[in-house]
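**Student:**
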Amino acid sequence: MKILLVVPGKPGFSTEGLQSLGIGMIAVVLNQAGHEVKVRDLTVQPLQSEEFGRLVQQFDPEFVGFTVVTPTANRVYHSLVPEVYQHSNARIVVGGPHPTALPDEALQHVDYVVRGEGEETILELCTGKNPQSMIPGLSYKEDGRPVHNPTRPLIKDLDTLPFPARHLFPPLTAYQGLPSFGKKVIGNLASSRGCVADCAFCDRAIFGRVFRARSAENVVAEWELLVKEHQAQVVTISDDNFTTSPGRIEKICTLLQQKGLHTIPWTCSNGIRVETASYDLLALMKRAGCCSVAFGIESGSQKVLDAMHKNITLEQIRRAVKNARQAGIATLTGFFMLGTPWDTAETMAQTTRFATELPLDYAQFAIATPYPGTRMFAEVKDFLCDVAYDDYGAHEGVVYFTTPHLGPDAVKAAFHKAYRSFYLRPALMLRHVQRVIRHPSTILTYLHGVKRFLA
199 MKILLVVPGK PGFSTEGLQS LGIGMIAVVL NQAGHEVKVR DLTVQPLQSE EFGRLVQQFD
259 PEFVGFTVVT PTANRVYHSL VPEVYQHSNA RIVVGGPHPT ALPDEALQHV DYVVRGEGEE
319 TILELCTGKN PQSMIPGLSY KEDGRPVHNP TRPLIKDLDT LPFPARHLFP PLTAYQGLPS
379 FGKKVIGNLA SSRGCVADCA FCDRAIFGRV FRARSAENVV AEWELLVKEH QAQVVTISDD
439 NFTTSPGRIE KICTLLQQKG LHTIPWTCSN GIRVETASYD LLALMKRAGC CSVAFGIESG
499 SQKVLDAMHK NITLEQIRRA VKNARQAGIA TLTGFFMLGT PWDTAETMAQ TTRFATELPL
559 DYAQFAIATP YPGTRMFAEV KDFLCDVAYD DYGAHEGVVY FTTPHLGPDA VKAAFHKAYR
619 SFYLRPALML RHVQRVIRHP STILTYLHGV KRFLA
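The C-terminal residue of the sequence shown carries number 653 in the numbering used here, and the numbering is unbroken.
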């Protein structure tokens, strides 16, 4: 069976510098089952809608699958899907966080929704051995009405899964990578799934709250493949929280050193939980090649942290960042959120002050974004602004909702002030000048932050 898998892409969206691990995993299980699989990553192989239609017509697949996040939903549903139906008889299936959260919406446009983890569900669907009504995790239409089969149990042993089908993607050199590493080739991997945290702004619909980790040996085997076969010069970890199980991280770091892979820099760019960031663990990670760590800090107000169910304290944050600095991790980044449903003008000011007090190299401030399927979305659904899906994830001052005590102008002002306050400090500017002299490629990351306060 011919199957076309599509990464829709969206200019400016933050994942466009890396291969899609989700599509890579779907592709490999279908490929190993004997299907003819073609991957088209429109982030690095862009096509206009009409050109995409001709691609579908030429390949003539029986299934076309899209991975969908909120910022790409409009493009998939209103531009790409119509081209598939116009140029083929293919059935269309979508998966990812957005259709998992809003399957009824998706079924207005496509034939099937794979909810949650997709490997087993998509394989059963394409194999056709079981009727669609018997496939857990599948949503479809029957007599024009949406039908949602029971949720599929999570995959318990991740070591049983093959590595992503990177050979079906363009080479890593085709991707933009990460600004802080200039033109170095970036390879990404996921060593675990699920997150035990219960943050109000996070959608756990795909991998759930049950933490499941691959073994250290399995992770390092893929790591070695990335470096030796795909020529990755930097490895970035996409886990929700890489350090959830410190014992496993110790084994991974030991294996990296034993195999000589510690000379390849790697990052935890997706953020790690501060309560897991001990000095000993961070020092071991540093010796194993870790050069950059990000922390999901979110707020400088304990009241707001508690309201969003972060289950961390300001003191834990201070200690974690200090530990990372003392451990010698070269680059430290903090993620912060402004304009949450629980924020006031004062708590946003507290967040800005807190960010400047921490020994961070970079700060990323984002206006709170209520993604479908999150508790935050449910909290503010009656206060949503008229914001198109295309504007989600823009990180450029879009206000998605208002509250009785916080209007859009106040949030935008706090957002721009936060960037100015953080990056225009003389001591930090001097440190970045020195860093750029030693490592010229880092100027891209600095300019990425500076452009916010120039807006």
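Just so it is clear, CB atoms sit at the ideal spot from N, CA and C, and this is done for glycine as well.
Just so it is clear, the structure is predicted and the values come from calculations on it, not from any experiment.
#1: With burial defined as no fewer than 16 other Cβ atoms inside 10 Å of the residue's Cβ, what is the status of Leu228: buried or exposed?
#2: What does the alpha-carbon distance come out to for the pair Ser218 and Ile435?
#3: How long is the line joining the alpha carbons of Ala543 and Phe599, rounded to whole angstroms?
#4: My assumption, with CB atoms under 8 angstroms, is that Val519 sits in contact with Leu558. Please give the rounded CB distance.
#5: If you run the structure through DSSP and keep just helix, strand and coil, what is Met506?
#6: For Lys382, which residues from the same chain have a beta carbon less than 6 angstroms from its beta carbon, with the 5 sequence-adjacent residues on both sides left out?
#7: Along the beta strand (DSSP E) that carries Gln562, what are the first and last residues, could you check?
#8: How about the stretch 281-289 and the stretch 249-260: do they share at least three Cβ pairs that are nearer than 8 angstroms?
#9: Could you give the residue range of the beta strand (DSSP E) that holds Gly532?
#10: Would you call Ser390 buried or exposed, if buried means 16 or more other Cβ atoms sit within 10 Å of its Cβ?
#11: My output table needs one value for Ile353: the three-state DSSP class, helix, strand or coil.
#12: In the structure shown, what three-state DSSP assignment does Pro539 receive?
#13: By how many angstroms is the C-alpha of Pro301 removed from the C-alpha of Phe552?
#14: Can you tell me whether DSSP reads Lys327 as helix, strand or coil?
#15: Candidates Met223, Gly595 and Tyr590: which alpha carbon is nearest His365's?
#16: What does DSSP give as the partner residues of Asn386 in its beta bridges?
#17: When DSSP labels each residue in this structure, what does Gly406 get in the three-state scheme?
#18: Taking all protein chains shown into account, decide if Ala561 is buried (16 or more other Cβ within 10 angstroms of its Cβ) or exposed.
#19: When you compare only the Cα positions, how much space is there between Ser443 and Phe581?
#20: Under a CB-based cut-off of 8 angstroms, is Gln256 close to chain C?
#21: Taking the beta carbon of Ile470 as the centre, do at least 16 other beta carbons fall within 10 Å, making it buried, or is it exposed?
#22: Go through its chain and collect everything with a Cβ distance to Phe613's Cβ below 7 angstroms, but skip five positions before and after it.
#23: Curious, which full-length beta strand (DSSP E) runs of at least 3 residues does the stretch 410-460 contain?
#24: Just to confirm, is the Cβ distance from Pro570 to Ala299 under 8 angstroms?
#25: Assuming Thr529 and Cys466 are in contact, meaning their beta carbons sit under 8 angstroms apart, how far apart are those beta carbons, in whole angstroms?
#26: Buried or exposed for Ser212, going by 16 or more other Cβ atoms inside 10 Å?
#27: Could you work out which residue in Ile384, Gly375, Asp438 and Leu370 is closest to Ala395 when comparing CA atoms only?
#28: Just confirm the distance between the C-beta atoms of Leu240 and Pro206, as a whole number of angstroms; I'd bet it's less than 8 angstroms.
#29: With DSSP run on the structure shown, which of helix, strand or coil describes Asn287?
#30: Straight-line CA distance for Glu448 to Gln456?
#31: Under three-state DSSP, which class holds Val267?
#32: Suppose you measure from the CA of Leu503 to the CA of Ala486; what does that come to, to the nearest Å?
#33: Which residue's Cα is closest to the Cα of Thr554: Ala586, His233 and Ala616?
#34: Hey, is the stretch 314-321 in contact with the stretch 350-364, meaning 3+ C-beta pairs nearer than 8 angstroms?
#35: Start and end of the alpha helix (DSSP H) containing Gly220?
#36: Hey, could you find the ends of the beta strand (DSSP E) Asn347 is sitting in?
**Tutor:** The answer reads as follows:
#1: buried
#2: 13 angstroms
#3: 15 angstroms
#4: 6 angstroms
#5: coil
#6: Gln431 and Val432
#7: Tyr560 to Ile565
#8: yes
#9: Thr529 to Leu536
#10: buried
#11: coil
#12: coil
#13: 39 angstroms
#14: coil
#15: Met223
#16: Thr434
#17: coil
#18: buried
#19: 39 angstroms
#20: Chain labels in this structure do not include chain C; a single protein chain is all it has.
#21: buried
#22: Leu536, Phe563, Ile565 and Gly595
#23: 432-435
#24: yes
#25: The Cβ separation is near 11 angstroms, so there is no contact.
#26: Unreliable positioning characterises Ser212 in this predicted model, as indicated by a pLDDT of 49, which lies under 50. A coordinate reading is not provided.
#27: Asp438
#28: 6 angstroms
#29: coil
#30: 12 angstroms
#31: coil
#32: 32 angstroms
#33: Ala616
#34: yes
#35: Leu219 to Gln230
#36: No beta strand (DSSP E) holds Asn347; DSSP gives it neither H nor E.
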